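Numbering (UniProt numbering), first residue to last: 1 to 67.
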């Protein structure tokens, strides 16, 4: 039949399949890219915070310079 019943042996074999090498490789690559993205985002947040602090300091100095 085109649609197997739950009782058929073919249906059980499909459920018992293990992930292929391609799936494992893709999963590992996804995890690696996720970690790299997290590290980059953290680094960019630090850079943005430093720039914000520098701009604050410059604005403070400019405000104090005016008579």
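All C-beta atoms, glycine included, are put in the ideal place defined by N, C-alpha and C.
Keep in mind it's a predicted model, so treat the numbers as computed, not measured.
Per DSSP, what kind of secondary structure is residue i in: helix, strand or coil?
{"i": "residue 60", "result": "helix"}
{"i": "residue 34", "result": "helix"}
{"i": "residue 20", "result": "coil"}
{"i": "residue 45", "result": "helix"}
To the nearest angstrom, report how far apart residue i and residue j are at their CA atoms.
{"i": "residue 41", "j": "residue 65", "result": "36 Å"}
{"i": "residue 21", "j": "residue 55", "result": "50 Å"}
{"i": "residue 60", "j": "residue 35", "result": "38 Å"}
{"i": "residue 50", "j": "residue 58", "result": "12 Å"}
{"i": "residue 32", "j": "residue 62", "result": "45 Å"}
{"i": "residue 19", "j": "residue 28", "result": "12 Å"}
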